[in-house]
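Everything on this sheet refers to the single structure shown next.
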Amino acid sequence: MTRIRANLLLLTSGAIWGMGFVAQSTAMDAIGPWGFIGLRFAVATLAMLPLALREARRADRPLSRADWRAFTLTGLFFFAGMGAQQVGLLTTSVTNAGFLTGLYVVFTPFLAIALFRQWPHPVIWPAAALAMSGIWYLSGGRLESLTPGDWLVVLCALFWAMQVTLTGRYVLSSGRPVALAVWQFALSAVLGLSLALALEPWNLAAIRLAAPEILYAGVFAGGIAFTIQAVAQRHTTAPQAAIFLSSEAVFAALFGALFLGERLGLQGYAGCALMLTAMLAVEIVPALKRRRPA
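Read in order, the letters of the sequence shown are residues 8 to 301 in our numbering.
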């Protein structure tokens with residue numbers, strides 16, 4: 008797979024997440040955040056398990072203990088990011104959450120340097136600034152007064168940056184991206200359901216009410232989109248992946264305008280343009296440098 012194709016796949020993940028943002032927030036009208044996370048990723052595990060088994064049959068070697076430890080570490084950050092975001096949405100606005108989650112675009116290159124001494128292409132820094140500016144405009148160009156939920160979403164962005172950074176490293180070392188994705192889903196399902204049973208009321212009628220959101224978030228925004236992320240990150244860098252995945256904010260705004268009648272406005276279109284510029288920059292600038300004669 009070429010890097011361009013990998014980044015286009017990450018763009019597809021961003022589109023699926025953009026469609027799923029409404030499902031993620033409205034589901035909590037019926038059930039609690041931990042129950043939603045647990046059920047969502049139980050569905051994702053079942054949906055993607057056949058692909059993981061198929062990948063295992065074709066693999067050159069079985070997964071080692073080191074691989075499973077790496078998968079578990081990545082999965083814990085995955086679950087922590089999901090939990091912080093989902094609980095944060097209880098006490099913050101969609102506007103604030105959309106912008107603050109996008110902070111992982113900035114966190115990711117710093118983590119890649121700090122943890123693995125992986126210095127990104129210099130274009131990543133201005134591109135990350137452009138992407139954050141785009142998300143700022145898409146969120147309305149303002150932040151409401153910060154709440155505990157906002158700080159949870161900032162923490163979520165840090166966890167997401169760790170998950171993106173570790174995914175990029177461990178899919179290369181193991182060669183098993185689908186196994187990594189499904190292990191993340193299974194771990195999140197077990198932890199989420201355990202917390203739901205301990206902390207939240209268990210109501211089958213409420214689960215039935217939230218079933219459409221659970222199924223969409225589980226199969227599409229969970230299983231398919233996160234598996235695409237794991238597969239595509241074998242062929243691109245973590246900082247580039249973060250910028251393309253942050254397109255979730257663009258697609259959430261565009262789908263809201265198309266399907267919910269929300270007005271995007273001039274400021275929103277400016278945000279989309281900045282995000283598009285950032286994504287084009289991380290593709291075109293390194294390509295031009297490679298083609299430059301010595």
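Built from N, CA and C at the ideal position, the CB exists for glycine as well.
Subject >> residue 7, DSSP secondary structure in three states >> reply: The first residue shown for the chain is 8 and the last is 301, placing residue 7 beyond what the model contains.
Original post:
What is the DSSP secondary structure of residue 108, reduced to helix, strand or coil?
Top reply: Translated into the one-based positions of the sequence shown, residue 108 becomes position 101. The answer is helix: DSSP assigns residue 108 an H, G or I state.
Subject >> Same chain, Cβ closer than 6 Å to residue 137, five either side skipped, listed in chain order >> reply: Here residue 137 corresponds to residue number 130 of the sequence shown, with the count starting at 1. Here the set comprises 281, 284, 285.
**OP:** Report the rounded CA-to-CA distance for residue 301 versus residue 11, giving the unit in angstroms.
**Re:** As a position in the sequence shown, residue 301 is number 294, starting the count at 1. As a position in the sequence shown, residue 11 is number 4, starting the count at 1. Low confidence applies here, because residue 301 scores a pLDDT of 46, under 50, leaving its location unreliable; read the following figure in that light. Each residue's alpha carbon lies about 23 Å from the other.
Original post:
Is residue 227 near residue 23, with beta carbons less than 8 Å apart?
Top reply: By 1-based counting over the sequence shown, the position of residue 227 is 220. By 1-based counting over the sequence shown, the position of residue 23 is 16. Cβ atoms of residue 227 and residue 23: closer than 8 Å.
**OP:** Please list the segments of the beta strand (DSSP E) lying wholly inside the region 59-90, counting only runs of 3 or more residues, in order along the chain.
**Re:** none
Original post:
Around the Cβ of residue 274, are there at least 16 other Cβ atoms within 10 angstroms (buried) or fewer (exposed)?
Top reply: Residue 274 sits at position 267 when you count from the first residue of the sequence shown. With fewer than 16 other Cβ atoms within 10 Å, it is exposed.
Subject >> Residue-level contact to chain D via CB, residue 242, 8 Å cutoff >> reply: Among the chains in the structure shown there is no chain D, since it carries only a single protein chain.
**OP:** Between the Cα of residue 18 and those of 232, 198, 244, spot the shortest distance and give me the residue it belongs to.
**Re:** Here residue 18 is taken as the residue at index 11 of the sequence shown, counted from 1. With distances taken between Cα atoms, residue 18 lies closest to 232.
Original post:
For residue 161, which residues from the same chain have a beta carbon less than 8 Å from its beta carbon, with the 5 sequence-adjacent residues on both sides left out?
Top reply: Position 154 of the sequence shown, counted from the first residue, corresponds to residue 161. Contacts found: 107, 110.
**OP:** Leaving out five residues on either side along the sequence, give the residues of the same chain with a beta carbon under 7 Å from the beta carbon of residue 115.
**Re:** For the purposes of this step, residue 115 is taken as the residue at position 108 of the sequence shown. The residues are 168, 171, 172, 245, 246, 249.
**OP:** Apply the 10 Å Cβ neighbour rule to residue 219 and answer buried if 16 or more other Cβ atoms are within range, or exposed otherwise.
**Re:** Taking the first residue of the sequence shown as 1, we reach residue 219 at position 212. Exposed: under 16 other Cβ atoms inside 10 Å.
Original post:
Using the C-alpha atoms, what's the distance from residue 159 back to residue 30?
Top reply: Taking the first residue of the sequence shown as 1, we reach residue 30 at position 23. Taking the first residue of the sequence shown as 1, we reach residue 159 at position 152. Their Cα atoms are separated by approximately 20 Å.
Original post:
Which of helix, strand or coil does DSSP assign to residue 39?
Top reply: Working through the sequence shown from its first residue, we reach residue 39 at position 32. Three-state DSSP puts residue 39 in coil, outside helix and strand.
Original post:
Within 10 angstroms of its Cβ, does residue 36 collect 16 or more other Cβ (buried), or is it exposed?
Top reply: Position 29 of the sequence shown, counting from 1, holds the residue named residue 36. Burial call: exposed.
Original post:
Considering only residues of the same chain and omitting the five flanking positions on each side of residue 8, which have a CB-CB separation below 7 Å?
Top reply: Residue numbering aside, residue 8 sits at position 1 when the sequence shown is read from its first letter. 242, listed in sequence order.
Original post:
What residue does the alpha helix (DSSP H) around residue 233 start on, and which one ends it?
Top reply: Taking the first residue of the sequence shown as 1, we reach residue 233 at position 226. It spans 232-239 - the alpha helix (DSSP H) in which residue 233 sits, taken as one unbroken run.
Original post:
What first and last residue would you give for the alpha helix (DSSP H) that runs through residue 195?
Top reply: In the sequence shown, counting from the first residue as 1, residue 195 sits at position 188. It spans 184-206 - the alpha helix (DSSP H) in which residue 195 sits, taken as one unbroken run.
**OP:** Give a yes or no on whether the C-beta atoms belonging to residue 189 and residue 56 are separated by under 8 Å.
**Re:** Here residue 189 corresponds to residue number 182 of the sequence shown, with the count starting at 1. Here residue 56 corresponds to residue number 49 of the sequence shown, with the count starting at 1. Yes; because the gap between Cβ atoms is below 8 Å, this pair is in contact.
Original post:
Using the C-alpha atoms, what's the distance from residue 191 back to residue 261?
Top reply: Walking along the sequence shown from the start, residue 261 turns up at place 254. Walking along the sequence shown from the start, residue 191 turns up at place 184. Cα to Cα, the separation comes out at about 29 Å.
Original post:
What are the boundary residues of the alpha helix (DSSP H) that includes residue 213?
Top reply: As a first step, residue 213 must be located in the sequence shown, where it is residue number 206. Element bounds for residue 213: 211-216.
Subject >> Nonlocal neighbours in the same chain, by C-beta distance under 7 Å from residue 223, ignoring five residues either side >> reply: As a working note, residue 223 is residue 216 in the sequence shown. Answer for residue 223: 27, 30, listed in chain order.
Original post:
Can you tell me the Cα-Cα spacing of residue 209 and residue 215, whole angstroms?
Top reply: Translated into the one-based positions of the sequence shown, residue 209 becomes position 202. Translated into the one-based positions of the sequence shown, residue 215 becomes position 208. About 12 Å.
Subject >> For residue 125, the three-state DSSP class (helix, strand or coil) >> reply: Reading the sequence shown from its first residue, position 118 is the one you call residue 125. Note: residue 125 maps to coil in three-state DSSP.
Subject >> Whether residue 289 touches residue 134 by CB criterion (8 Å) >> reply: Taking the first residue of the sequence shown as 1, we reach residue 289 at position 282. Taking the first residue of the sequence shown as 1, we reach residue 134 at position 127. Result yes, Cβ atoms of residue 289 and residue 134 sit closer than 8 Å.
Original post:
Using DSSP with H/G/I as helix, E/B as strand and the rest coil, what is residue 169?
Top reply: As a position in the sequence shown, residue 169 is number 162, starting the count at 1. In the structure shown, residue 169 sits in a helix (DSSP, three-state: H, G or I).
**OP:** Could you tell me how far apart the beta carbons of residue 25 and residue 142 are, in whole angstroms, since I believe they sit closer than 8 Å?
**Re:** For the purposes of this step, residue 25 is identified with residue 18 of the sequence shown, where counting begins at 1. For the purposes of this step, residue 142 is identified with residue 135 of the sequence shown, where counting begins at 1. Actually they do not touch by this definition, with Cβ atoms about 12 Å apart.
**OP:** Take the Cβ of residue 21 as the centre, count every other Cβ of all protein chains shown within 10 Å, and call the residue buried at 16 or more, exposed below.
**Re:** Locating residue 21 in the sequence shown gives position 14, where the first residue counts as 1. The residue is buried, with at least 16 neighbouring Cβ atoms inside 10 Å.
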